[in-house]
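Peer 1: Please read through the structure below; I'll follow up with questions.
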Amino acid sequence: MAVADAGRISSPRDRWYNNPTVRSIAVQIILIVAVVGTIAWFANNTVTNLRERGIASGFDFLGKRAGFDMTTFLNTNSESTYGYMLLAGLVDTIIVAILAIAIATVLGLVVGIARLSSNWLIRTIATVYVEFFRNIPPLIVILFWYLGVLATLPNIRDAIQIGPDFSLSNRGIFMPRPVLGPNFHIVIIAFVLSLVIAWAVRRWAHARRMATGQGFPSGWVGLGIVVVLTGGVFLATGDPLTFELPVKTRFNIVGGWTVTPEFASLFLALGVYTASFIAEIVRSGIMAVSQGQTEAARALGLRDGLVLRLVVLPQALRVIIPPLASEYLNITKNTSLAVAVGYADLVAVGNNVLNPTGQSIEVVAVWMAFYLGLSIIISLAMNWFNARIALTER
Amino acid sequence: MKKLLVSFAIAATLGLGASAAYAGTLDDVKAKGFVQCGVNTGLPGFGNPDASGKYTGFDVDYCRAVAAAIFGDPDKVKYTPLDGTERFPALQSGEIDLLVRNTTWTMSRDTTLGFTFAGVNYYDGEGFMVHKSLGVAHVDELKGATICVQGGTDTVTGLADYFKKKGLEYTPLVIDKLADVNAAYEAGRCDALTTDRSGLAANRLQMKNPDDHIILPEVISQEPLGPVVRNNDVQWFQVVKWVSNALLDAEYLGITQANVDDMLKSEDSAVQRFLGVGDNNFGKSIGLDAKWAYNIVKALGNYGEVYDRNLGPKTPLGLERGVNAQWNNGGIQYGMPIL
Amino acid sequence: MTDMQSQTDVFFVRQEMVQASPPPMRVRGVWPWMRKNLFGSVGDTILSIIGAILALAIVVPVLQWSLFNATWTGDNREACAPNTVGACWAFVKANFGQFIYGRYPDPERWRVNVTFVLLAAGIIPMAIPSAPFKRLNLLYVFIIFPVLSGCLLVGGMFGLPVVETALWGGLFLTLVVSYVGMAMSLPLGIILALGRRSKMPIVQWVCVFFIEVCRGVPLITVLFMAGILLPLFLPTGVNFDKLVRALLGLSLFAAAYMAEVIRGGLQAIPKGQYEGAKSLGLGYWTMMRLIILPQAITIVIPGIVNTFIGLFKDTSLVYIISIFELLYTVRNSFTDPVWATSTTPASGLLFAALVFWIFCFGMSRYSKFTEDRLRVGYKR
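Residue numbers (the working numbering), protein chains in the order written: chain H, -1 to 392; chain L, 474 to 812; chain D, 6 to 385.
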């Protein structure tokens, strides 16, 4: 023992600088000094440069009049402030992101299931779709829709008429816009009420099936309740809904609802592109559900559709949700490609704020803050949803 | 904590040290051996690369003139192609020494953005191009039209101002890259395209069939275009400003690329001062040699020659001199005298 | 039996046996195959018919447009302008050199070609699992090749004239950007992943912060910052090439994604491996280098390749700071008055899409191949 002890004492391993705790603290101090030092150095350079070159800084510009027009969802004009313009850009980003997420999810689910279809043709079409879109940059898909499809539609003066009030041209899709009358809130109340009744019927039917085994077409009945009740109130209140029709003027079709080609190409492209990834996620999710589950469900006499809806998908969801969340994040970030087609999203508006103010650092900071905020919100929402479906496990 | 403070100190010294050691743009340019010049990504007549990457154009010749004045060699220029959005950060950040990219001289650019304009090389104004088939003859008929405009330019503001003043409604389509703006307009996505009138002439040439498009007669804003530098370096500003003046002076004095060598024998003392003949050495005052102005004219000719070569009636753009003629010839271009 | 009886009282269980199914039909031949795979049931038949109509409605016009009605030869737009129903491949052919080399000067293009050959010489043996000298190969791919080709492409030594990076463009630039991005993001990603798994809180926080910020913002804002704002963060007069800055931004961005992939691999390594390595007296770095990382990286090769594919596609965004990669080179040629016709944009885009597709699809097949190979390894 004494020998061993003596050996230990002279061992270089026992020197203080070999002590893991000391080392760990030293490494961390060095790292934090390096990181803070680098940031401080950058900040110092930036401040010096801005001051020396007489470049304005700070966020005062957000409250100033913008003086330019962009076509945004929020009502903006040249009197709006830069801050409001950026907000309008953010709203446009969110709108296109939400809609693209919706279409990508639906399309991705369909294609993902089709990838596993027993029908060879359907399976092949789905495979080709996935392999094609997964392997090209989203920017090409956007440009393809914008330049290759929507720009080749006829000129607005020779617009394709679909029915009297819908038309399609290279300026977009024009359609009537519903205008709510003064009594419309009654209809909404009736609609909500009918939904509650339908839900109650569904619960009752479920309870009865559990107890007696007797089925009840709660879906159809529920739909009937909603349609009859809402429709009845709608007619009773005296048609509180009118339509603003698009009208052809010398240059444009004005009034009504317009879906611009910029929005449409971004929305379609992100939807179609991301759907190919979501399809793969759905496919692997379904494949992760063991074959025995499907076989057992079939043995119980469930039809294919029901097997999928009641047995396979709920289990697959647990595998699907986490990667799906990152695809939703990707869509949100990819909306920044709007700048290529002139959709007034956050980045496109920022570019126009950046020019007259010259405050590029601040604009980039606003971009990053907004996108990070969106990313965090989406992550939180998906985590919450994930936790919810995980709870139903047992 | 001590280490932290030390590192702050090191960082600060490094930063300050570097800026103190930095002598100025002119010395920097001389040391690296070329001028880094920000130009258009592709606008015929002003700044346009051919297939082999060689840039030509009116703005490009200004870059070359600066190089000729400094090095006696107009080819000592490197070009940075920039679009509307990137150009100001690129100049602010020091990525380029000089920006000559049909940039309008405005007060905010001259002040809060930290720039100084070194002159006006082209007096321009915002105009409109429309599809001929629309039968539009004046801007005021464009009520309710969709108008394409390049983002990150002051024409966006000019457009908003004008339509607001006239009380006309319109739909703007703001696109970032010039090529995309042209493509959208040409595809009929917009009824009209707005930019500086010189730019319109250039864009019109890029259409499949230029004759299908007309430029409306109205000019809705003032757009004095010129070379820009950062405003923290007076010496460099003087160099660019006087190169600009020298081009105009040469035309006024009748010095051309062809006769510049003969002019060395001229008895006219204004010409002698310009060419640095005898003991005239005006170049020294801006950190250049006595032959600086001679080198510019020898390499590129005078303002008129530069104009005619790139924009004039004999080029595809076919722009008359108009207000850009010399002041004694019906225009407002006026070179400050070298005296 | 009574037990069984009582169980069948449950309402949803069938009371009587189902009739035995007939024996399966003959399963060989075209018709049985079609019946099994296309017309298995009424629903299946309907789906097949819809599918066939859909496929024909897309495939036929695409083939007609891109092959049968296309214009293949010509010197300018005159050749393509009258043909509004077919692609203008003459345009792609005429601009092919530009699409591949950008504005790299004509007499110097051999340098790009040599680089392509050098690249292939490094990548192909690397991709073949049985090829020898992997260690040497790695050295070549990560160090020798980049230095060699960098000198060759930039020039300025051995009597080669300098070619500014502003003239680089086309597919060649796309490959440069993606190669550098891949070669830098892998080691950076490994370091970040190790940092994120570190037990030192500050190291962990710094890595987590960097990774999450990079993954939370779009690439174009990162490129904007690296390409346009970075010189503002440096002392006056200190600057480096715009392409280098773009590469830096792209690599850091990709490294954040790479780090998450590697982290997945690290987490999959059983604790026993760490403990075993430590019990042998290995230090942290030796343990990582010899025991953990080789296993972790092997597991996530498919993930790494997927990140590479994403990176390759993302190179199309450097256009935002006016760097002329393939797609931007193609787009910029649309307005060339010599070739501008109504079919030019679609033809150019299709060409670009095809090039991107070939590279990405190739990589994804390779990833699949590796995945299968590894799975076989695990089965044994």
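We put the CB at the ideal spot given by N, CA and C, even for glycine.
A quick note: this is a predicted structure, and the numbers were derived from the prediction, not measured.
Which one of G170/H, L145/H, V147/H has the shortest CA to CA distance from A157/H?
Peer 2: Within the first sequence, the letter at position 159 stands for residue 157/H. It is G170/H whose Cα lies nearest to the Cα of A157/H.
Peer 1: Any Cβ of chain L within less than 8 Å of the Cβ of F71/H?
Peer 2: The count along the first sequence starts at 1 and reaches residue 71/H at position 73. Output row for F71/H: interface = no.
Peer 1: Against chain L, does N42/D count as a neighbour if the rule is that its beta carbon must be under 8 Å from one of theirs?
Peer 2: Taking the first residue of the third sequence as position 1, residue 42/D is located at position 37. So, not an interface residue.
Peer 1: Counting pairs of Cβ atoms below 8 Å between the region 319 to 334 of chain H and the region 98 to 105 of chain H, do you hit three or more?
Peer 2: Yes, they touch.
Peer 1: Give every residue of the same chain whose Cβ lies closer than 7 Å to the Cβ of C212/D, excluding the five residues on either side of it in the sequence, and list them in chain order.
Peer 2: One-based indexing of the third sequence puts residue 212/D at position 207. So the qualifying residues of the chain are L197, G200, R201.
Peer 1: Tell me where the beta strand (DSSP E) around H611/L begins and ends.
Peer 2: As a working mapping, residue 611/L is identified with position 138 in the second sequence. H611/L -> no beta strand (DSSP E), and no H or E assigned at all.
Peer 1: On a CA-only basis, which of V231/H, P312/H, L370/H, S76/H is nearest I186/H? Give me that one, please.
Peer 2: Numbered from its first residue, the first sequence carries residue 186/H at position 188. I186/H has its Cα closest to that of V231/H, out of V231/H, P312/H, L370/H, S76/H.
Peer 1: When you compare the CB positions of W765/L and A540/L, do they come within less than 8 Å of one another, or not?
Peer 2: What you label residue 765/L is simply residue 292 of the second sequence in a count that begins at 1. What you label residue 540/L is simply residue 67 of the second sequence in a count that begins at 1. Going by C-beta atoms, W765/L is not nearer than 8 Å to A540/L.
Peer 1: Looking only at C-alpha atoms, which of N704/L, A665/L, P517/L sits nearest to I688/L?
Peer 2: In the second sequence, the residue the question calls residue 688/L occupies position 215. Of the candidates N704/L, A665/L, P517/L, the one whose C-alpha sits nearest the C-alpha of I688/L is A665/L.
Peer 1: Nearest-angstrom Cα distance between K527/L and I63/D?
Peer 2: Within the second sequence, the letter at position 54 stands for residue 527/L. Within the third sequence, the letter at position 58 stands for residue 63/D. Approximately 43 Å between the Cα atoms of the pair.
Peer 1: The region 192 to 213 of chain D: which residues have C-beta closer than 7 Å to a C-beta of chain H, in chain order?
Peer 2: Residues passing the 7 Å Cβ filter: M205, I207, V208, V211.
Peer 1: What number of angstroms, rounded off, separates the C-alpha of N732/L from the C-alpha of P810/L?
Peer 2: By one-based count along the second sequence, residue 732/L stands at place 259. By one-based count along the second sequence, residue 810/L stands at place 337. Distance between the alpha carbons of N732/L and P810/L is about 20 Å.
Peer 1: Taking C-alpha atoms, which residue in E280/D, V152/D, K98/D lies nearest to L123/D?
Peer 2: As a position in the third sequence, residue 123/D is number 118, starting the count at 1. It is V152/D.
Peer 1: Relative to the C-alpha of E360/H, which residue among M380/H, F57/H, L114/H is closest?
Peer 2: Taking the first sequence and counting its residues from 1, the one referred to as residue 360/H is at position 362. Of the listed residues, the one whose Cα sits closest to E360/H is F57/H.
Peer 1: Drop a sphere of 10 angstroms on the beta-carbon of K247/D, count the other beta-carbons inside from all chains shown, and report buried for 16 or more, exposed for fewer.
Peer 2: Position 242 of the third sequence, counting from 1, holds the residue named residue 247/D. With 16 or more other Cβ atoms within 10 Å, it is buried.
Peer 1: On a CA-only basis, which of N521/L, T584/L, V647/L, Q745/L is nearest A763/L? Give me that one, please.
Peer 2: Along the second sequence, one-based indexing puts residue 763/L at 290. Looking at the Cα atoms, Q745/L is the closest of the given residues.
Peer 1: Looking at T69/H and T644/L, is the spacing between their C-beta atoms short of 8 Å?
Peer 2: Position 171 of the second sequence holds residue 644/L. Position 71 of the first sequence holds residue 69/H. Against a cut-off of 8 Å, the Cβ pair of T69/H and T644/L comes out as a contact.
Peer 1: Among the residues of its own chain, which have a CB less than 7 Å from the CB of L148/H, if the five just before and after it don't count?
Peer 2: Numbered from 1 along the first sequence, position 150 holds the residue referred to as residue 148/H. Excluding positions up to five away in sequence, the list reads N168, P259, A262, S263.
Peer 1: Give the interface partners of R316/H over in chain L, defined as CB-CB distance under 7 Å, in chain order.
Peer 2: Here the question's residue 316/H lines up with position 318 in the first sequence. Those do not exist, as R316/H stays about 42 Å from chain L at its closest Cβ, beyond 7 Å.
Peer 1: Is the Cβ of P320/H closer than 8 Å to any Cβ of chain D?
Peer 2: Position 322 of the first sequence, counting from 1, holds the residue named residue 320/H. By this cut-off, P320/H is not an interface position.
Peer 1: Going along chain D, which residues have a C-beta under 7 Å from V362/H?
Peer 2: For this step, residue 362/H is matched to residue 364 along the first sequence. Under the 7 Å cutoff, chain D gives T226, F229, M230, L234.
Peer 1: For my contact list, G340/H and V512/L are in at a C-beta cut-off of 8 Å; report their separation, rounded to the angstrom.
Peer 2: Position 342 of the first sequence, counting from 1, holds the residue named residue 340/H. Position 39 of the second sequence, counting from 1, holds the residue named residue 512/L. In fact, because the Cβ distance is near 24 Å, the residues do not count as touching under 8 Å.
Peer 1: Quick one: measure Cβ to Cβ for N74/D and S338/D, integer angstroms, because I've assumed they're closer than 8 Å.
Peer 2: Working through the third sequence from its first residue, we reach residue 74/D at position 69. Working through the third sequence from its first residue, we reach residue 338/D at position 333. Contact flag wrong, Cβ pair sits at about 22 Å.
Peer 1: Residues of chain D with a CB under 9 Å from the CB of Y552/L: which are they?
Peer 2: Locating residue 552/L in the second sequence gives position 79, where the first residue counts as 1. Ordered by position in chain D, the residues that pass the 9 Å Cβ test against Y552/L are E169, A171.
Peer 1: May I ask you to report which of helix, strand or coil DSSP gives C663/L?
Peer 2: Mapped onto the second sequence, residue 663/L falls at position 190. DSSP places C663/L in coil when its eight states are reduced to three.
Peer 1: Specify the secondary structure class of N513/L as computed by DSSP and reduced to three states.
Peer 2: What you label residue 513/L is simply residue 40 of the second sequence in a count that begins at 1. N513/L: strand per DSSP, three-state reduction.
Peer 1: Taking beta-carbon pairs under 8 Å, can you tell me which members of the region 336 to 362 of chain H lie near chain L?
Peer 2: Correct list: V337, A338, V339, G340, A342, A346, N349, N350, L352, N353, P354, T355, G356, S358.
Peer 1: If I measure Cβ to Cβ from P194/D and keep anything under 6 Å in the same chain, skipping five residues before and after, which residues do I get?
Peer 2: Locating residue 194/D in the third sequence gives position 189, counting from the first residue. Checking the sequence shown, residue 194/D turns out to be Gly, not Pro. Within the same chain, G194/D has close Cβ partners A260, M263, A264, I267.
Peer 1: Return the CA-CA distance between L141/D and D319/D, expressed in angstroms with no decimal places.
Peer 2: Numbered from 1 along the third sequence, position 136 holds the residue referred to as residue 141/D. Numbered from 1 along the third sequence, position 314 holds the residue referred to as residue 319/D. Spanning the two alpha carbons is a distance of roughly 30 Å.
Peer 1: DSSP has V593/L in a bridge; who is on the other side?
Peer 2: Against the second sequence, residue 593/L aligns to sequence position 120. According to DSSP, V593/L bridges with nothing at all.
Peer 1: Please confirm whether G65/H has its beta-carbon closer than 8 Å to some beta-carbon of chain L.
Peer 2: Numbered from its first residue, the first sequence carries residue 65/H at position 67. Answer yes: the Cβ-Cβ gap between G65/H and chain L drops below 8 Å somewhere.
Peer 1: Secondary structure at S165/H, three-state DSSP: helix, strand or coil?
Peer 2: Position 167 of the first sequence, counting from 1, holds the residue named residue 165/H. In the structure shown, S165/H sits in a strand (DSSP, three-state: E or B).
Peer 1: Across which residues does DSSP place I233/D in a beta bridge pair?
Peer 2: Sequence index remark: in the third sequence, residue 233/D carries index 228 (1-based). Its beta-bridge partners do not exist; DSSP assigns none.
Peer 1: Just tell me which of W173/D, L72/D, W362/D has its CA closest to the CA of R114/D.
Peer 2: Residue numbering aside, residue 114/D sits at position 109 when the third sequence is read from its first letter. If we check each option's Cα against that of R114/D, W173/D comes out closest.
Peer 1: Just confirm the distance between the C-beta atoms of S352/D and F96/D, as a whole number of angstroms; I'd bet it's less than 8 Å.
Peer 2: The residue you call residue 352/D lines up with position 347 of the third sequence. The residue you call residue 96/D lines up with position 91 of the third sequence. So it is a contact: roughly 6 Å between Cβ atoms.
Peer 1: Check T44/H in the structure and name its three-state DSSP category.
Peer 2: Position 46 of the first sequence, counted from the first residue, corresponds to residue 44/H. Here T44/H sits in helix by DSSP.
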